[in-house]
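The listed protein sequences correspond, in order, to chains L and G. Its first residue numbered 1, the first sequence is counted upward by one per residue in our numbering. Its first residue numbered 429, the second sequence is counted upward by one per residue in our numbering. Beta carbons are placed, not taken as given, at the ideal position from N, Cα and C, and that holds for glycine.
Protein chains: 2
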Amino acid sequence: MHGAPGTTKWSQLSFQQDVGAAAPAFGSAFSAGIKAVNGSALRDMLRMAQVPGMVNFGGGLPAPELFPMDRIAQASAQALEKHGWRAVQYGTTEGFLPLREWLAEHTCPGAAGVTPEHIQIMTGGQQSLDLVGKIFIDPGDTVLVETPTYMGAVQSFVPYRPHFAAVPTDDHGIEMDALEALLADLAREGRTPKFIYTIPNFQNPTGRTLSLERRERLLDLTAQYGVFVVEDDPYGQLRFSGEHLPSLAELMLRRTGGDPDRSHVVYCSSFSKTLAPGLRDAWVMAARPITERLVLAKQGADMHTPTLNQMIVTELLPLLPQQVDKLRHSYADRAGHMLAALERELPAGVSYTTPQGGMFLWLTLPEHVNTTAMLPRAVERQVAYMIGECFHALGGGHNTMRLCFSTASPQDIDRGIAALAQTIHAEL
Amino acid sequence: MHGAPGTTKWSQLSFQQDVGAAAPAFGSAFSAGIKAVNGSALRDMLRMAQVPGMVNFGGGLPAPELFPMDRIAQASAQALEKHGWRAVQYGTTEGFLPLREWLAEHTCPGAAGVTPEHIQIMTGGQQSLDLVGKIFIDPGDTVLVETPTYMGAVQSFVPYRPHFAAVPTDDHGIEMDALEALLADLAREGRTPKFIYTIPNFQNPTGRTLSLERRERLLDLTAQYGVFVVEDDPYGQLRFSGEHLPSLAELMLRRTGGDPDRSHVVYCSSFSKTLAPGLRDAWVMAARPITERLVLAKQGADMHTPTLNQMIVTELLPLLPQQVDKLRHSYADRAGHMLAALERELPAGVSYTTPQGGMFLWLTLPEHVNTTAMLPRAVERQVAYMIGECFHALGGGHNTMRLCFSTASPQDIDRGIAALAQTIHAEL
């Protein structure tokens, strides 16, 4: 032990100082931003899911048995063979050019104005949200989110200390009259939101899809009030029923004559749900003034997305249509099976969404049921779900839950939904 | 083109509104944090280096011909074979447990109190700096940095809006009397710095190493004043002369009887300089209250470091001693060759550091020479360097430059240093 004058005793980061008066309160060393962040319920759910016998509808994982493992191994070997040391050397912050070229061509097919300069590669969709938050949000800025919304986005934005304002949704997504009224109210208070965060396709957590008419109106309203649109679209390719709808980014490009530099839509998507999430490869398509700021933010955040992983994804691009088809069919089966089980098992008074794609559906129970309080009783019956409260940035949702259908077998769905129905019955 | 009422014309993110008065000034949409970030000169240097014939001492890349490519390809195939879908599924935010176990054992050898809970895996060392900034810095907080310091760290911290205070250094690292005086001054103003950022081994940019005596005194002073120490140690393994010095983290563990939870040192290191940077695998070792906050920050930043990459590094761990040996010998040769060329070619009045490891050395020219202004004239002679100014968080360093010796061949070193000497001669 070192005994020089001036050394101190430390106790759990509280400076207990034995020299002089300069000691700070170390309990307060952490930033206000990080203190405002709550742990992710999703992570705790992942832990809970590891009990043997548990049917876990609470996670949000893509089905691992559908990952194209042989092709991924092949792609990795090919990338290293083809690119040699370049596959593991520092790369450019913007991302691997062939991948950006492909994304410029395919993100909004036919929009010739989109170039690689409008594409920023990200280390997973979560990084897109973090860096969008970083380049836009000053403390006290207003950010609009859907009710309910993806809690991971809230967690990315919170360290930048925005005020959240919540927009109600129904079966067709954001309620536009309510949004207009909210924007008008905020404008009267002099609070123009920096952006609205929305997941138009098969939303996490509800599985709902924003209708075409509302997409157009969302662009009108946000343009009118000067609010950016952060369009998060990780599930858009995973439609298994109904007709494909153009993204907000694509609709906006039609309005600007194909010029992405006049679009106020920041489009975020990812290969996590179409190829495999552990590669952490995602992208943002946006106007150049935005991608230029994202590059600056990313330099300081992680310099660049791992080179090898971008090359692996690039090798896998020809596989994508067939892989996405496989996912669509499989998720359609699982969703159908879960919807049939819900229809069969659930008591009256419980409603649920009917997703046309993605991985999730959403249950609303009678007002007096609290799904957070009920969870341990469900777990006793060996079924887990994600509590609805955690998807509400401003509270609420106590009688709701999210179910994930992407990973469960038909047998597990039958057993799990039966157990869930018994739990709810007992609660009523 | 869509003609609904309320649509607007956009021009480079300036809302030119044709309805109502609600239009914001969109030029001001970006956060104060990102507006404060300057582009990295390093990136521009990387571009400049791509001219044929240029001898580029300006970069900071490890030598790609020394990457263990065959073993990396093997490790990737093994990881995918051994772990199957787990290699590309979502993983825990803390990181791959076998890798964290190894790091807990090897980061401070013999410190039995270090557990995987004290280890957070990061997506490259840059992310360690970003998230340390995020969990500690509130706008207006003071952060101490060395003069000169790694500009990438400054770029990570700037979005969180600290005030920087700069500590002078000499050939043995931070000048401790100056640090003590600065801490006392700041204390009188009621400004306790959140942390001091330091690179004790073969510092970037100077190549200098903090002496053992000063390491102990740095721990004394920071403990006395209640200032965390962010120890950035990417190069520590790359010592090619002199004796190994214990890290600040290790010295602090000796003081706490091996208890990392009573240490105020946040230790950051990386596999970028010992294996390959494009894998983006790094780690932080710190007290649990700190790693717990880092986990929260990382959830929102990128969820987790790519699973496959962590597994590849884990497969490569047995190779590490032999790989590090190879690097040490090679970098020793290159540094020796560059030092000989500098000794032979440079005019009087130019001084330079003699690094005992790492990748860099530092030139100080006569006061009246401006290395930024001189750079185009050096480039005309086909040699590039990194201007010293960009390593000075608070300005200064106009007559300094960083030279990187890790990637140049002996022939290029001879040619490049001769060209540099001619440029300097012409300047004097």
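Buried/exposed call for residue i, threshold 16 Cβ in 10 Å
i: H420 of chain G; result: Chain G is shown from 429 up to 856; residue 420 of chain G falls before or after that span and cannot be answered.
i: A849 of chain G; result: buried
i: P587 of chain G; result: buried
i: E367 of chain L; result: exposed
i: R636 of chain G; result: buried
i: E817 of chain G; result: buried
i: D661 of chain G; result: buried
i: A449 of chain G; result: At A449 of chain G, the pLDDT of 29 sits below 50, so the modelled position is not reliable and the matter cannot be decided from this model.
i: S406 of chain L; result: buried
i: A184 of chain L; result: exposed
i: V479 of chain G; result: exposed
i: S128 of chain L; result: buried
i: R188 of chain L; result: exposed
Whole-angstrom distance between residue j and residue i, CA atom to CA atom
i: L748 of chain G; j: E641 of chain G; result: 30 angstroms
i: A593 of chain G; j: I627 of chain G; result: 16 angstroms
i: R643 of chain G; j: L676 of chain G; result: 6 angstroms
i: P746 of chain G; j: R499 of chain G; result: 11 angstroms
i: L361 of chain L; j: F228 of chain L; result: 28 angstroms
i: R843 of chain G; j: Q299 of chain L; result: 32 angstroms
i: M482 of chain G; j: V811 of chain G; result: 6 angstroms
i: F458 of chain G; j: P260 of chain L; result: 18 angstroms
i: Q203 of chain L; j: I196 of chain L; result: 14 angstroms
i: S263 of chain L; j: G91 of chain L; result: 28 angstroms
i: R402 of chain L; j: K562 of chain G; result: 31 angstroms
i: P674 of chain G; j: N629 of chain G; result: 10 angstroms
i: D569 of chain G; j: T274 of chain L; result: 43 angstroms
i: D709 of chain G; j: P526 of chain G; result: 14 angstroms
i: N370 of chain L; j: A491 of chain G; result: 59 angstroms
i: M122 of chain L; j: S779 of chain G; result: 42 angstroms
i: S28 of chain L; j: K326 of chain L; result: 51 angstroms
i: R514 of chain G; j: L339 of chain L; result: 29 angstroms
i: G84 of chain L; j: V132 of chain L; result: 33 angstroms
Whether residue i touches residue j by CB criterion (8 angstroms)
i: Q78 of chain L; j: S241 of chain L; result: no
i: Q517 of chain G; j: T735 of chain G; result: yes
i: V571 of chain G; j: P590 of chain G; result: yes
i: M802 of chain G; j: G488 of chain G; result: no
i: L221 of chain L; j: M176 of chain L; result: yes
i: G552 of chain G; j: S700 of chain G; result: yes
i: M422 of chain G; j: F585 of chain G; result: Because chain G in this structure spans residues 429 to 856, residue 422 of chain G falls outside the shown range and cannot be described.
i: T107 of chain L; j: Y267 of chain L; result: yes
i: H363 of chain L; j: T423 of chain L; result: Per the sequence shown, the amino acid found at residue 363 of chain L is Leu instead of His. No, Cβ-Cβ distance for L363 of chain L and T423 of chain L is not below 8 angstroms.
i: A301 of chain L; j: V154 of chain L; result: no
i: T147 of chain L; j: T353 of chain L; result: no
i: T291 of chain L; j: Q120 of chain L; result: yes
i: F57 of chain L; j: A408 of chain L; result: yes
i: H600 of chain G; j: S639 of chain G; result: yes
i: K510 of chain G; j: F564 of chain G; result: no
i: M731 of chain G; j: T577 of chain G; result: no
i: A378 of chain L; j: E250 of chain L; result: no
Assumed close pair residue i, residue j - CB separation to whole angstroms, cut-off 8 angstroms
i: L724 of chain G; j: I34 of chain L; result: 6 angstroms
i: V542 of chain G; j: M713 of chain G; result: 7 angstroms
i: A332 of chain L; j: I413 of chain L; result: At roughly 13 angstroms, the Cβ-Cβ gap does not stay under 8 angstroms, so A332 of chain L and I413 of chain L are not in contact.
i: W283 of chain L; j: L103 of chain L; result: 5 angstroms
i: E773 of chain G; j: A854 of chain G; result: E773 of chain G to A854 of chain G, Cβ: 13 angstroms. No contact.
i: L391 of chain L; j: M151 of chain L; result: In the sequence on display, residue 391 of chain L carries Phe and not Leu. That belief holds up - the Cβ atoms of F391 of chain L and M151 of chain L are roughly 5 angstroms apart, short of 8 angstroms.
i: L744 of chain G; j: A503 of chain G; result: 5 angstroms
Check: residue i C-beta below 7 angstroms from any heavy atom of the ligand HEM
i: R215 of chain L; result: Here there are no bound small molecules, and the ligand HEM is not part of this structure.
Check: Residues in the stretch 308-324 of chain L with C-beta within 9 angstroms of chain G's C-beta atoms, listed in sequence order?
Finding: L308, N309 and I312
Item checked: Positions along the stretch 522-551 of chain G whose CB lies within less than 7 angstroms of some CB in chain L -> T551
Checklist line | Members of the stretch 712-729 of chain G near chain L, C-beta cut-off 7 angstroms | finding: A715, P717, R721, L724, A725, Q727, G728 and A729
Next item on the list: Quick one: which residues of the stretch 655-669 of chain G get their C-beta closer than 8 angstroms to a C-beta of chain L? List them in chain order.
Entry: F656
Notebook entry, point to check: Between the stretch 563-574 of chain G and chain L, which residues of the former have a C-beta closer than 9 angstroms to a C-beta of the latter?
Noted result: I563, F564, I565, D566, P567 and D569
Margin query: What are the residues in the stretch 263-285 of chain L lying within 9 angstroms of chain G by C-beta distance?
Written below: S263, H264, S272, L275, A276, P277, G278, L279, R280 and D281
Item checked: Where the stretch 619-643 of chain G meets chain L: residues whose CB sits under 8 angstroms from a CB there -> T620 and K622
Check: What residues in the stretch 508-522 of chain G have a beta carbon less than 7 angstroms from any beta carbon of chain L?
Finding: L508, G512, W513, A515, V516, Q517, Y518, G519 and T521
Item checked: Under 7 angstroms (Cβ pairs) to chain G, residues found in the stretch 48-62 of chain L -> L61
Next item on the list: Using a Cβ-Cβ cut-off of less than 8 angstroms, give me the residues of the stretch 494-507 of chain G that come near chain L, in sequence order.
Entry: F495, M497, I500, A501, S504 and A505
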